[in-house]
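Written below as structure tokens is the structure these notes are about.
Number of protein chains: 2
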Amino acid sequence: MKAKDSPAEPSSYSISELAREFDITTRAIRFYEDKGLLCPARRGQTRIYSPEDRVRLKLILRGKRLGFSLDESREIIDMYDPAHGNVEQLQRLLLHIEQKRAQLQQQLRDIESLMGELDDAEARARTALQLNIDS
Amino acid sequence: MKAKDSPAEPSSYSISELAREFDITTRAIRFYEDKGLLCPARRGQTRIYSPEDRVRLKLILRGKRLGFSLDESREIIDMYDPAHGNVEQLQRLLLHIEQKRAQLQQQLRDIESLMGELDDAEARARTALQLNIDS
DNA sequence: GCAGGAGTTTACGTTAACGTAAACGTAAGC
DNA sequence: GCTTACGTTTACGTTAACGTAAACTCCTGC
Chain A
1 MKAKDSPAEP
11 SSYSISELAR
21 EFDITTRAIR
31 FYEDKGLLCP
41 ARRGQTRIYS
51 PEDRVRLKLI
61 LRGKRLGFSL
71 DESREIIDMY
81 DPAHGNVEQL
91 QRLLLHIEQK
101 RAQLQQQLRD
111 IESLMGELDD
121 AEARARTALQ
131 LNIDS
Chain B
1 MKAKDSPAEP
11 SSYSISELAR
21 EFDITTRAIR
31 FYEDKGLLCP
41 ARRGQTRIYS
51 PEDRVRLKLI
61 LRGKRLGFSL
71 DESREIIDMY
81 DPAHGNVEQL
91 QRLLLHIEQK
101 RAQLQQQLRD
111 IESLMGELDD
121 AEARARTALQ
131 LNIDS
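Keeping their order, the protein sequence lines are chains A and B.
Counting along the first sequence from 1, when you hit position 126 you're at 126 in full-length UniProt numbering, and nothing is skipped either side.
Counting along the second sequence from 1, when you hit position 78 you're at 78 in full-length UniProt numbering, and nothing is skipped either side.
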């Protein structure tokens, strides 16, 4: 009963397809791989990106929009896979999650106040504009 | 009727006072001045920071938390002062405000989804932890 | 009168995140 | 068989945002 006839996602992507889609250079994508954030399959020398690789790339770019470094983004992405066997590591992960949450909440507050100030600035600008036109 | 007996804000600050308060180095503060984000008064050679300077510094650091470059932060701070005389400039300012708003809204969405994913990651971690303890 | 602390300028060093360019391989179309 | 497009590796260049260090001034306490 689900509407399953959406554009139908490709099963793999070339490096330039991804570069185009996300408006970044192929150089950047290879750089992320160098830094251990991606490791696409290969056909011969050529990189082949799976839908999962694409998601990882998306996460990297979202991290960038939030001002995260590549290292931070890698940490966040690493929180996803359940490959954290032992208890100690899991507890460190929980701590890590808590820290990220706190950081995001701070960012939320920052955005909120900035939004308010943008409202003020806009109001002042509109007033000044009105004065300039009236005169 | 207002509770006016708060700690009473100082009328000026030294560079090291500000550095301590915001946990940054004096080098950073001077750097921000170099880049035109601050221009404190001077007594002889020595920099004297007004409460307004302090606010500007706060805004710079808030910008950093949101991943803004110093140039971006300067632009945002510049939206505050009403020194934008002519109509053309005011309209450019309004456009600029709109763009920043859009960027902030994107960041809000990014944070929202990331928060959700942190919740998931935490749940998975707790489950895995429970399994490890039970066994 | 001098050591210590806080301030200053000047200048070179460093890290992250790519950009840019060279030099090469491979497959497609004409 | 040659160009054109897309891919590869390797390597040096660049920008932002400071860190670090040297060399100096000025004031304060003892």
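Just so it is clear, CB atoms sit at the ideal spot from N, CA and C, and this is done for glycine as well.
Note that the structure is predicted; figures quoted are calculated from it, not measured.
- Here A:I48 has S12, P40, A41, R42 as same chain residues with Cβ atoms under 7 Å from its own Cβ, once five neighbours each way along the sequence are excluded.
- Look at B:E122: its C-beta is under 8 Å from a C-beta on chain A.
- For the pair A:K58 and A:I76, the CB atoms are not nearer than the 8 Å cut-off.
- Restricted to the segment 55-113 of chain A, the alpha helix (DSSP H) segments that are unbroken, complete and at least 4 residues in length are 70-78, listed in chain order.
- Inter-segment contact for the segment 90-99 of chain B and the segment 114-128 of chain A is present: three or more beta-carbon pairs are separated by less than 8 Å.
- Residue-level contact by beta carbon fails for A:K58 and chain B, as no gap is shorter than 8 Å.
- Beyond the five residues adjoining it in sequence on each side, A:D23 comes within less than 6 Å, by CB distance, of no other residue in the same chain.
- Closer than 8 Å to the CB of A:Q99 there is not a single CB belonging to chain B.
- Within chain A, the C-beta atoms nearer than 9 Å to that of B:L90 come from A125, R126, A128, L129, N132, in chain order.
- Among the CB atoms of chain A, one or more fall inside 8 Å of the CB of B:V87.
- Chain B places a beta carbon closer than 8 Å to that of A:I111, counting this residue as a contact.
- DSSP places A:A28 in no beta strand (DSSP E) but in the uninterrupted alpha helix (DSSP H) bounded by 26-34.
- In this structure, DSSP gives B:A41 an extended state, which the three-state scheme calls strand.
- Contact of A:L38 with chain B is not assigned, every C-beta pair being separated by 8 Å or more.
- Boundaries for B:E9: no alpha helix (DSSP H) harbours it, and the DSSP string shows neither H nor E there.
- The beta carbon of A:H96 sits closer than 8 Å to the beta carbons of E75, M79 from its chain, once the five residues preceding and following it are set aside; these are given in chain order.
- Residue contact with chain B for A:Y32: absent (no Cβ-Cβ distance below 8 Å to any residue of chain B).
- When C-alpha distances from A:F68 are compared across B:A8, B:L37, B:L114, the shortest belongs to B:L114.
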